[in-house]
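Student: Here you go, one structure.
Numbering (the numbering used here), first residue to last: 1 to 350.
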């Protein structure tokens with residue numbers, strides 16, 4: 001261990017996002033002394049616990065990152081565990097996927113190695129998109145033995161970092177490839193909840209589609225269980241609830257959680273969705289703001305088979321998701337309705 005046996009130290013890189021706040025909270029709950037890596041501009045809305053240590057990085061400046069690491073580390077050898085949760089899922093400039101999802105973590109790992117700050121475990125949050133499309137003929141699930149063939153710039157940037165880590169024989173990495181992560185305050189699935197709340201549910205394509213999900217609490221608990229296991233070193237894990245759903249299942253559960261909303265399902269042909277994605281992407285580029293709908297997102301939406309095999313995670317660190325989609329949606333919608341009511345009340349007072 002890098003610290004004495006009475007101390008457990010954790011650095012969370014990318015702590016300001018949706019998942020990051022849950023990681024920090026779970027780290028504290030499990031007895032870690034937690035440092036949270038953020039940018040100067042990062043919102044700290046979900047990082048309010050006074051026990052957290054903030055570390056402000058400028059990832060575009062490797063010299064600043066190195067100085068900050070040396071100044072903030074709890075010992076000359078750094079932290080026991082590091083979780084790399086920083087990543088971009090949409091970009092106005094597709095080149096930023098390579099910058100943020102590959103060059104940033106590569107530089108960070110190189111600095112750790114150069115300064116003798118390699119942790120006992122380094123958990124890298126990749127994505128199921130690193131594997132590319134699943135089998136759309138037999139609908140066989142994606143497994144740890146699936147040969148990666150990413151078809152999106154996002155997925156390619158993730159597999160590049162995975163490959164880089166694999167080239168380091170002395171580096172103690174663990175790689176998570178989660179499917180769609182959802183929960184309170186997540187934004188992409190929240191758009192679908194809002195649409196259903198407005199009585200419309202948009203889908204893409206007419207062929208059957210199998211969707212998979214993982215509730216944020218289950219994902220985060222799995223992270224810490226993997227860090228604590230002696231079987232996970234230099235291994236990759238698909239993280240999912242373990243069963244598949246259809247869009248109709250998702251729509252019905254959200255509608256029920258919203259108080260049995262009536263909903264009109266609208267199916268867009270693939271060509272129409274592609275045209276819309278290109279238009280939204282160009283509009284986002286003109287404004288220099290990433291668009292939720294773009295050509296990368298279109299490829300993800302058109303993929304018909306997201307089913308997963310999580311048996312490796314079950315075997316190596318006892319991964320058993322506790323929150324199924326129905327319960328997870330109930331919690332997510334509950335948070336959404338609470339935020340909606342608070343916003344309405346604030347507007348009434350203004």
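We put the CB at the ideal spot given by N, CA and C, even for glycine.
1) Grab the span of the alpha helix (DSSP H) containing residue 104 for me, first residue to last.
2) Less than 8 Å between the CB atoms is what I'm expecting for residue 177 and residue 139, so what's the real figure, rounded?
3) Answer with yes or no whether the minimum CB distance from residue 243 to chain B is below 8 Å.
4) Using only the alpha-carbon positions, how far apart do residue 201 and residue 266 sit?
5) For residue 317, which of helix, strand or coil comes out of DSSP?
6) So, does the stretch 207 to 227 touch the stretch 318 to 325, judging by three or more C-beta pairs under 8 Å?
7) What distance in whole Å lies between the Cβ atoms of residue 82 and residue 105, which are believed to be in contact at a cut-off of 8 Å?
8) When you compare only the Cα positions, how much space is there between residue 242 and residue 278?
9) Report yes if the CB atom of residue 251 is closer than 8 Å to the CB atom of residue 196, and no otherwise.
10) Helix or strand or just coil, what does DSSP make of residue 308?
11) Using alpha carbons as the reference points, say which of 294, 332, 345 lies closest to residue 152.
12) Along the chain, where does the alpha helix (DSSP H) containing residue 271 start, and where does it finish?
13) For residue 206, count neighbouring C-beta atoms within 10 Å of its own C-beta (all shown protein chains included) and say buried if the count is 16 or more, exposed if not.
14) Measuring only the C-alpha atoms, how far is residue 94 from residue 102?
15) Determine the extent of the alpha helix (DSSP H) in which residue 216 is found, giving its start and end residues.
16) Which partner residues of residue 175 appear in the DSSP bridge assignment?
17) Let's test the definition: count the other Cβ atoms within 10 Å of the Cβ of residue 244 and tell me whether it reaches 16, buried, or not, exposed.
18) Helix or strand or just coil, what does DSSP make of residue 202?
19) With a cut-off of 8 Å, do at least 3 Cβ pairs link the stretch 112 to 129 to the stretch 32 to 46?
20) Spatial neighbours of residue 335 within its chain, please: C-beta separation below 6 Å, excluding the five flanking residues on both sides.
21) Which of the three DSSP states is assigned to residue 42 in this structure?
22) Identify the residues that DSSP records as bridge partners of residue 82: which are they?
Tutor: The short version:
1) 104 to 114
2) Contact doesn't hold; Cβ gap of about 19 Å is too wide.
3) This model lacks chain B altogether, as it is built from one protein chain only.
4) 6 Å
5) helix
6) yes
7) Taking the Cβ atoms as the reference, residue 105 lies roughly 10 Å from residue 82, outside the contact range of under 8 Å.
8) 33 Å
9) Yes, Cβ-Cβ distance for residue 251 and residue 196 is below 8 Å.
10) strand
11) 294
12) 270 to 287
13) exposed
14) Note on geometry: alpha-carbon atoms of residue 94 and residue 102 lie some 13 Å from one another.
15) Here the alpha helix (DSSP H) through residue 216 covers 216 to 228.
16) 124, 236
17) buried
18) strand
19) no
20) 184
21) coil
22) 11, 122
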